[in-house]
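Visitor:
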Amino acid sequence: LSSQKKFDEIKKANQAAAKKLVEDQFSSSSEDDDEDAEIKQGKILAKTFTIYTSQTDGDASELERTRQYMNEAFQSGAMTCLICIASVKRNQAVWSCCGCFCIFHLVCIQKWAKDSLFLVSSPLTDDDFGKKDYPWPCPKCRFEYKRSETPSRYYCYCGKVENPTLDPWLVPHSCGQICEREFKPPCGHKCLLLCHPGPCPPCPKMVTTTCHCKKAKPVPRRCSAKEWSCRLPCGRTLLCGQHACENSCHAGDCQPCPRVSKQRCICGRQTAERLCASPQWQCDQVCGKPLPCGNHTCEQVCHAGPCGDCPRSGKRSCPCEKSKFTLPCTEDVPTCGDSCDKVLECGIHKCSQRCHRGPCEICRQEVEKQCRCGKHTKRMPCHKPYLCETKCTKIRDCQKHQCRRKCCPGNCPPCDQVCGRTLGCRNHKCPSGCHRGSCNPCPETVDVKCNCGKTVIKVPCGRERTIKPPKCKQLCSRPPTCHHFTQEKHYCHFGRCPPCRQSCQKALACGHLCPVSCHDEALVKQTGVHQSAGPWEQPSEPAFIRTALPCPPCQVPIPVECLGQHEVS
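At position 48 of the sequence shown the residue is numbered 48 (the UniProt record's numbering), and the sequence of numbers has no breaks.
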């Protein structure tokens with residue numbers, strides 16, 4: 001029993017060590033892109049696209065955008081969390097935005113959503129708090145999510161599997177199952193790729209559909225391009241009811257009729273050339289037709305239908321609207337002599353004049369007025385506003401600066417100063433208005449180039465100091481540093497070129513060529529350069545210098561005769 005128990009413990013330890021080795025080997029998305037990794041990446045992409053390309057007879061032209069997102073998942077340092085400006089590793093929990101498909105650490109996006117909701121709801125009063133579901137935005141595209149949509153668990157890209165297992169033969173953070181997300185715009189079909197980052201490609205299904213004007217025969221077309229035009233004239237009757245649409249077969253409603261025709265105005269007095277699409281128009285003449293009273297004429301501008309009764313007929317009120325009179329339309333309504341009693345502009349007092357025509361005067365009563373902030377009172381005319389000179393000392397919503405507004409009633413405006421804090425990239429400052437909480441991620445991107453500058457990758461600002469330069473497939477164009485006219489072919493690189501491995505081929509004194517490898521830049525250890533001051537001084541590392549070594553003696557065998565000229569060996 002003790003042996004079996006010891007065996008099980010060793011087995012578990014070995015399994016844990018193997019798992020850790022796999023995680024360490026495939027944990028970072030910034031590992032070197034050697035040839036084996038590229039072959040492996042190509043197999044993973046081909047496996048992901050197999051079902052889609054089988055529907056399109058091998059055509060993968062519509063997959064370029066999705067392929068770009070998948071390449072970034074494998075590319076050195078391309079997957080970067082914009083919140084913490086750190087690499088996204090394969091064994092870390094992530095969240096992907098459905099608007100811009102940018103990937104963030106799950107912990108970072110949860111903290112971002114919590115801080116955003118707190119900043120939005122902090123200016124609210126206790127009565128308003130909790131009555132409205134305020135959204136939180138994506139740090140990159142500002143796509144808004146509800147409070148209930150705050151991510152709490154780690155899912156794969158398609159959302160089927162929670163906590164997808166780490167598999168080196170799958171796209172990072174993918175479950176390996178068919179995506180089956182609805183296409184956008186929805187067409188009734190689902191995505192055929194394996195679980196993948198980025199947007200789904202256009203629908204590859206074949207459907208039979210006709211053109212916009214329904215004149216052409218139905219033809220089979222890709223579902224993503226099922227809307228098509230036969231290029232024949234539309235021919236549908238326009239809204240004017242007189243002409244037909246002359247545009248080629250098109251989607252949606254026809255455009256307004258572009259023809260010009262002579263049309264009468266509403267009252268029929270004037271005629272003008274106008275667009276056929278807008279037949280209803282008014283001239284600027286007053287109607288002028290006699291009203292039924294026989295004393296007045298219609299004062300409306302160009303109208304349709306009858307003019308109506310005289311506006312001065314029937315019972316009419318006096319200016320203060322307290323008394324009504326039945327008078328002929330030729331007579332004006334007299335004032336009643338009572339007090340006006342209309343509420344003045346102040347909204348508190350009433351007009352004390354007798355019934356009168358025209359607007360009431362401004363309120364001139366002396367009242368004890370309180371200033372807007374409520375700290376001072378003063379006796380003054382009711383119509384004049386009272387603002388004191390006291391400056392508000394409350395802290396604005398940024399929690400840094402005072403309001404400093406004169407006679408502030410308490411609703412301090414947002415801070416109008418620029419934030420100016422250094423962003424996480426350490427290169428730029430926050431251009432937003434002064435605010436609480438974390439600043440938005442730096443929106444800039446930086447180009448990281450190889451030594452020759454022909455291979456470029458875009459990385460978030462701030463990552464250029466830690467990201468490895470891209471591996472360039474161009475040949476190194478530097479001139480050789482040895483005596484050879486051309487150097488061995490090798491790819492673009494930083495630093496010194498590798499040592500020349502070509503044979504020396506210099507002519508020796510005997511006439512033969514030197515057959516050893518090039519030794520114009522051999523590494524030689526320096527000796528006796530530095531003498532130690534005493535036994536207390538630690539010996540320094542030996543220094544190496546590059547120097548040209550002389551060619552070794554010729555090793556070609558030649559016939560040599562002995563001194564007595566008896567033998568030749």
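Every residue, glycine too, gets a C-beta built ideally from N, C-alpha and C. From a predicted model like this one, the values you see are computed outputs, not experimental measurements.
Grab me the residues of C293's own chain with a C-beta within less than 7 Å of its C-beta, minus the 5 sequence neighbours each way, in chain order.
Guide: Within the sequence shown, numbered from 1, the residue matching residue 293 stands at position 293. Once the five neighbours on either side are set aside, the close Cβ partners of C293 are C310, S313 and C329.
Visitor: Counting only the same chain and skipping the five closest in sequence on each side, list residues whose C-beta sits under 7 Å from that of I545.
Guide: Along the sequence shown, read from residue 1 onward, the residue named residue 545 stands at position 545. Only V524 and Q526 meet the Cβ criterion.
Visitor: Tell me the rounded alpha-carbon separation between I348 and D332.
Guide: Counting from 1 along the sequence shown, the entry for residue 348 is found at position 348. Counting from 1 along the sequence shown, the entry for residue 332 is found at position 332. Using only the alpha carbons, I get a separation of about 31 Å.
Visitor: For Y145 versus H196, is the C-beta distance shorter than 7 Å?
Guide: Position 145 of the sequence shown holds residue 145. Position 196 of the sequence shown holds residue 196. Cβ distance not < 7 Å, so Y145 and H196 don't count as in contact.
Visitor: Could you please give the first and the last residue of the uninterrupted beta strand (DSSP E) stretch that includes D520?
Guide: For the purposes of this step, residue 520 is identified with residue 520 of the sequence shown, where counting begins at 1. From DSSP, D520 is part of no beta strand (DSSP E); its letter is neither H nor E.
Visitor: Quick check on the burial criterion: 16 or more other C-beta atoms within 10 angstroms. Buried or exposed for F325?
Guide: Taking the first residue of the sequence shown as 1, we reach residue 325 at position 325. Flag for F325 reads exposed.
Visitor: Does DSSP classify L63 as helix, strand or coil?
Guide: As a position in the sequence shown, residue 63 is number 63, starting the count at 1. Helix.
Visitor: Quick one: residues in its chain with C-beta nearer than 7 Å to the C-beta of D32, no 5 flanking neighbours on either side, listed in chain order?
Guide: Reading the sequence shown from its first residue, position 32 is the one you call residue 32. Because the pLDDT of D32 is 43, which lies under 50, any placement of that residue in the model is unreliable, and the number read from its coordinates should be weighed accordingly. Once the five neighbours on either side are set aside, D32 has no close Cβ partner at all.
Visitor: Nearest to Q370 by CA position, among I362, H356 and Y386, is which residue?
Guide: Start at 1 with the first residue of the sequence shown, and residue 370 comes out as number 370. Nearest option by C-alpha distance: Y386.
Visitor: Do you know how far the Cα of C230 is from the Cα of S261?
Guide: Within the sequence shown, residue 261 is the residue found at index 261, counting from 1. Within the sequence shown, residue 230 is the residue found at index 230, counting from 1. Taking the straight line from one Cα to the other gives about 31 Å.
Visitor: Going by DSSP, what residues sit across from F118 in a beta bridge?
Guide: Translated into positions along the sequence shown, residue 118 becomes position 118. Beta-bridge pairing links F118 to no other residue.
Visitor: Cα separation between G288 and R405?
Guide: The sequence position of residue 288 within the sequence shown is 288, counting from 1. The sequence position of residue 405 within the sequence shown is 405, counting from 1. One C-alpha to the other measures close to 57 Å.
Visitor: Considering just the uninterrupted stretch of the beta strand (DSSP E) at P381, what are its terminal residues?
Guide: Taking the first residue of the sequence shown as position 1, residue 381 is located at position 381. Note, P381: beta strand (DSSP E), T377 to P381.
Visitor: Between the beta-carbon of A244 and the beta-carbon of G235, is there less than 7 Å?
Guide: For the purposes of this step, residue 244 is identified with residue 244 of the sequence shown, where counting begins at 1. For the purposes of this step, residue 235 is identified with residue 235 of the sequence shown, where counting begins at 1. Their beta carbons are under 7 Å apart, which means A244 touches G235 by this criterion.
Visitor: Report the CB separation of residue 588 from C504 in whole angstroms; it is logged as a contact under 8 Å.
Guide: Here the chain comprises residues numbered 1 to 569, so residue 588 is not present and cannot be evaluated.
Visitor: I need the DSSP call for residue 578, collapsed to helix, strand or coil.
Guide: Absent from the model: residue 578. The displayed extent of the chain is 1 to 569, so no value can be given.
Visitor: From T53 to P414, what distance separates their C-alpha atoms?
Guide: Translated into positions along the sequence shown, residue 53 becomes position 53. Translated into positions along the sequence shown, residue 414 becomes position 414. Cα to Cα, T53 sits roughly 54 Å from P414.
Visitor: What does DSSP give as the partner residue(s) for A507 in the beta ladder?
Guide: In the sequence shown, counting from the first residue as 1, residue 507 sits at position 507. Its beta-bridge partners are L513.
Visitor: Indicate the three-state DSSP secondary structure (helix, strand or coil) for residue 570 in the structure shown.
Guide: The first residue shown for the chain is 1 and the last is 569, placing residue 570 beyond what the model contains.
Visitor: How many whole angstroms separate the CB atoms of R221 and W228, which I take to be in contact at a CB cut-off of 8 Å?
Guide: Along the sequence shown, one-based indexing puts residue 221 at 221. Along the sequence shown, one-based indexing puts residue 228 at 228. So it is a contact: roughly 6 Å between Cβ atoms.
Visitor: Touching or not, the segment 83-96 and the segment 61-72, by the rule of three or more beta carbon pairs under 8 Å?
Guide: At 8 Å Cβ cutoff, the stretches do not touch.
Visitor: Could you pull the DSSP bridge partners for Q178 from this structure?
Guide: Translated into the one-based positions of the sequence shown, residue 178 becomes position 178. Contrary to the premise, residue 178 reads as Ile rather than Gln in this sequence. DSSP output for I178 lists L194 as bridge partner(s).
Visitor: I'd like to check one pair, C211 with C187: are the Cβ atoms closer than 7 Å?
Guide: By one-based count along the sequence shown, residue 187 stands at place 187. By one-based count along the sequence shown, residue 211 stands at place 211. The answer is no: Cβ separation not under 7 Å.
Visitor: What do you reckon, are the CB atoms on L106 and Y69 nearer than 7 Å?
Guide: The count along the sequence shown starts at 1 and reaches residue 106 at position 106. The count along the sequence shown starts at 1 and reaches residue 69 at position 69. Their beta carbons are not under 7 Å apart, which means L106 does not touch Y69 by this criterion.
Visitor: Could you work out which residue in C283, F494, P185 and C419 is closest to C450 when comparing CA atoms only?
Guide: What you label residue 450 is simply residue 450 of the sequence shown in a count that begins at 1. The option with the nearest alpha carbon to C450 is F494.
Visitor: Give the straight-line distance between the Cα atoms of G453 and R463, rounded to the nearest whole angstrom.
Guide: As a working note, residue 453 is residue 453 in the sequence shown. As a working note, residue 463 is residue 463 in the sequence shown. So the alpha carbons of these two residues sit roughly 18 Å apart.
Visitor: Can you tell which of T335, L192 and P498 has the C-alpha that lies nearest to the C-alpha of K47?
Guide: Here residue 47 corresponds to residue number 47 of the sequence shown, with the count starting at 1. Cα-wise, what sits closest to K47 is L192.
Visitor: Which one or two residues does DSSP pair with K324 in a beta bridge?
Guide: Taking the first residue of the sequence shown as position 1, residue 324 is located at position 324. Paired residue(s): S317.
Visitor: Could you tell me the alpha carbon to alpha carbon distance between W95 and E149, rounded to whole angstroms?
Guide: Within the sequence shown, numbered from 1, the residue matching residue 95 stands at position 95. Within the sequence shown, numbered from 1, the residue matching residue 149 stands at position 149. W95 and E149: Cα-Cα distance of roughly 12 Å.
Visitor: Can you tell me whether R379 is buried or exposed? The criterion is at least 16 other CB atoms within 10 Å of its CB, across all chains shown.
Guide: Reading the sequence shown from its first residue, position 379 is the one you call residue 379. Exposed is the call here.
Visitor: Express the C-alpha separation of P172 and S28 in angstroms, rounding to a whole number.
Guide: Numbered from its first residue, the sequence shown carries residue 28 at position 28. Numbered from its first residue, the sequence shown carries residue 172 at position 172. Annotation note: pLDDT 41 at S28 (below 50); position unreliable, no value reported.
Visitor: Should Q353 and C336 be called a contact, given that it needs their Cβ atoms to be closer than 7 Å?
Guide: As a position in the sequence shown, residue 353 is number 353, starting the count at 1. As a position in the sequence shown, residue 336 is number 336, starting the count at 1. No, the pair does not count as a contact, with Cβ atoms beyond the cut-off.
Visitor: So, do the segment 470-482 and the segment 497-515 have three or more beta carbon pairs nearer to each other than 8 Å?
Guide: Segments in contact, yes.
Visitor: Of the residues D253, N71, G424 and C265, which one's Cα is nearest the Cα of I85?
Guide: Counted from its first residue, the sequence shown places residue 85 at position 85. For I85, the nearest C-alpha among the options comes from G424.
Visitor: Quick check on D8: does DSSP put it in helix, strand or coil?
Guide: In the sequence shown, the residue the question calls residue 8 occupies position 8. Residue state, collapsed to three classes: helix.
Visitor: How many Å lie between C307 and Q300 at the Cα?
Guide: As a position in the sequence shown, residue 307 is number 307, starting the count at 1. As a position in the sequence shown, residue 300 is number 300, starting the count at 1. So the two alpha carbons sit approximately 8 Å from each other.
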